[in-house]
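Below: the structure, in structure tokens.
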Amino acid sequence: MALSQIFHSEKRKYLAEALDNNSIAIIYSGRQIAMSADANYPFYTNNNFYYLTGISEPEVVLILMKNSQGLFSEKLFIEEADLEKEKWVGKKINRTQAKDISGINEIFYSKEMSKEIKCSKKPGVIYFDFMVPKHQSFKTEDDDLKCLLKNCVLKDLHPQFSKMRIIKTPEEVRMIKKANALTKKAFRTMASELKPGMFEYECAALFEYCVKNEGADGLAFETIAASGKNATTLHYVSNRSKTKSGELILFDLGARVQGYCGDISRTIPVNGEMTGTQEKAWNIVASVQKELINAYKPGADMKDLQELTKALFSDKCSKAGLLPKSGDISEFYYHGIGHPLGLDTHDLRPEGDLVLAPGMVMTVEPGLYINELRLGIRIEDDVVITSKGCEVL
Ligand SMILES: [Mn+2]
4 MALSQIFHSE
14 KRKYLAEALD
24 NNSIAIIYSG
34 RQIAMSADAN
44 YPFYTNNNFY
54 YLTGISEPEV
64 VLILMKNSQG
74 LFSEKLFIEE
84 ADLEKEKWVG
94 KKINRTQAKD
104 ISGINEIFYS
114 KEMSKEIKCS
124 KKPGVIYFDF
134 MVPKHQSFKT
144 EDDDLKCLLK
154 NCVLKDLHPQ
164 FSKMRIIKTP
174 EEVRMIKKAN
184 ALTKKAFRTM
194 ASELKPGMFE
204 YECAALFEYC
214 VKNEGADGLA
224 FETIAASGKN
234 ATTLHYVSNR
244 SKTKSGELIL
254 FDLGARVQGY
264 CGDISRTIPV
274 NGEMTGTQEK
284 AWNIVASVQK
294 ELINAYKPGA
304 DMKDLQELTK
314 ALFSDKCSKA
324 GLLPKSGDIS
334 EFYYHGIGHP
344 LGLDTHDLRP
354 EGDLVLAPGM
364 VMTVEPGLYI
374 NELRLGIRIE
384 DDVVITSKGC
394 EVL
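In my numbering, the protein residues as written are 4 to 396.
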């Protein structure tokens with residue numbers, strides 16, 4: 004199950020619509036980065052490049068061109084096979100594969116780039132994605148190309164990517180659903196093995212083993228397995244503590260499928276049973292999540308949903324005698340209620356206020372973090388906004 008050629012072609016066409024006449028857009032997959040000596044960090048493709056091509060290899064360049072009449076063409080540049088290198092790192096993508104995956108007909112080798120770009124009349128505007136990390140920004144040693152790039156107006160593609168990626172197609176929603184299905188299955192297997200004395204990293208390792216065993220690419224992000232008061236640190240990933248009977252453990256985890264992320268949080272008792280206070284707090288989080296899922300619908304503003312979450316927590320905690328002494332609920336709940344989910348766990352979103360619309364995939368993740376009770380509870384699910392409300396994925 005991969006995204007279809009048609010998906011990528013349509014996204015390129017959509018992006019091209021937004022480009023000025025007499026322009027080119029350069030989108031680069033990224034380069035390997037050295038970690039130390041001759042070891043590299045694992046390669047991770049620029050997600051915008053992947054979105055437009057389906058290709059996840061380093062050193063591939065996509066060029067979209069629009070001429071002065073508004074006619075659009077596309078070219079892909081791959082690295083030529085290096086037989087010596089292949090012995091160490093395996094085969095690179097070839098022309099036929101690149102064409103099959105992306106649906107782009109014109110595939111060239113990187114060394115042909117300056118010739119190919121120059122052939123197209125000198126563009127007035129060159130588009131780049133200004134927001135990519137350094138190793139995913141396109142650089143060239145070619146003098147002709149450098150000269151060409153220097154004398155053009157530069158424009159940013161990033162706002163277009165944000166606008167496109169925030170709305171998911173049914174095909175993308177299926178991927179995220181699949182990622183969540185694998186996340187759920189692996190979580191259940193792992194949770195069934197949990198017992199006091201197990202280390203947090205054992206849980207995380209078992210989860211990773213299970214998602215890969217189920218056919219996922221791997222993890223969407225570093226697993227959080229935070230027991231006891233570790234769970235009050237939102238992005239706790241060291242996972243080095245030993246779990247204790249009587250404590251809760253918070254898991255925030257996700258599988259990745261064809262680039263798409265699952266993102267689920269569950270909080271469970273290490274010994275299988277909650278104390279009265281733990282249960283009271285857990286029930287509050289669960290009921291707040293339920294009300295929020297009902298409130299996620301087209302037209303709902305994320306800022307208002309955040310306020311609603313705080314109001315619900317304030318009310319429910321005060322009734323249960325769990326309000327902080329200051330009375331300010333933000334001492335116990337100190338993050339956003341949700342974020343867009345997709346190729347990135349915190350997926351691209353247009354700047355400013357986010358108002359929900361059909362096709363958006365969002366997390367719903369209320370949480371309570373109470374130091375003096377040595378607990379953090381988060382319950383997180385992912386939803387797709389539909390025409391009337393939302394569907395839990
Ligand atoms: Mn999460």
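Think of the CB as a built atom: it goes at the ideal place given N, C-alpha and C, for glycine as much as any other residue.
Classified as exposed, C150 has fewer than 16 neighbouring CB atoms from the shown chains inside 10 Å of its CB. Here the C-alpha atom of P343 lies approximately 31 Å from the C-alpha atom of I96. Within the region 8-69, the complete beta strand (DSSP E) segments at least 3 residues long are 26-31, 37-39, 64-69, listed from N- to C-terminus. Excluding its 5 nearest sequence neighbours in each direction, A207 has C-beta neighbours in its own chain below 6 Å: T226, A228, N242, listed in chain order. Taking every residue with its beta carbon within less than 6 Å of a heavy atom belonging to ligand 1 gives, in chain order, D255, D266, S268, E383. For K391 and P301, the gap between their C-alpha atoms comes out near 7 Å. L222 carries a strand assignment under DSSP once its states are collapsed to helix, strand and coil. Taking the C-beta atoms as reference points, F141 is found nearer than 9 Å to Y31. Burial state of S268 is buried, judged by a 10 Å Cβ sphere holding 16 or more other Cβ atoms. Secondary structure of R352 (DSSP, three-state): coil. With contacts defined as CB atoms closer than 9 Å, A360 and I388 qualify as a contacting pair. At a cut-off of 4 residues, the continuous stretches assigned as alpha helix (DSSP H) that sit fully inside the region 115-169 are 116-122, 146-153, 161-168. In this structure Y336 touches K313 by the C-beta definition: roughly 7 Å separates them, less than 8 Å. The three-state reading of DSSP puts Y204 in helix, counting H, G and I together. In chain order, N25, S26, I27, C155 place their CB closer than 7 Å to the CB of P126, counting only its own chain and leaving out the 5 sequence neighbours on each side. With fewer than 16 other Cβ atoms inside 10 Å of its own Cβ, H238 counts as exposed.
If you ignore the 5 residues before and after G355, its C-beta comes within less than 6 Å of no other C-beta in its own chain. In this structure, the beta-carbon distance from L209 to T192 falls below 9 Å. Here S248 has P199, V273, N274 as same chain residues with Cβ atoms under 7 Å from its own Cβ, once five neighbours each way along the sequence are excluded. In this structure, the beta-carbon distance from T172 to F10 falls below 9 Å.
Counted as a single uninterrupted DSSP element, the stretch harbouring S230 is not any alpha helix (DSSP H) but the beta strand (DSSP E) occupying residues 227-230. V367 and G330 do not touch by the CB rule: their CB atoms are close to 26 Å apart, not below 8 Å. Runs of the alpha helix (DSSP H) lying entirely within the region 288-350, each at least 4 residues long, are 305-323 in chain order. Membership of V260 in the beta strand (DSSP E) is indicated by the continuous run 258-260.
One Cα belongs to I107, the other to K78, and the distance between them is close to 7 Å. With contact defined as three or more Cβ pairs closer than 8 Å, the region 76-95 and the region 59-67 are in contact. In the three-state reduction of the DSSP assignment, I382 falls in the coil class. When Cβ pairs closer than 8 Å are counted between the two stretches, the region 245-265 is seen not to touch the region 291-309, the count staying below three.
For L197, there is no enclosing alpha helix (DSSP H), as DSSP marks it with neither H nor E.
Within the model, the alpha-carbon separation for Y112 versus K158 is close to 26 Å. The straight-line gap separating the alpha-carbon atoms of N286 and N374 is approximately 18 Å.
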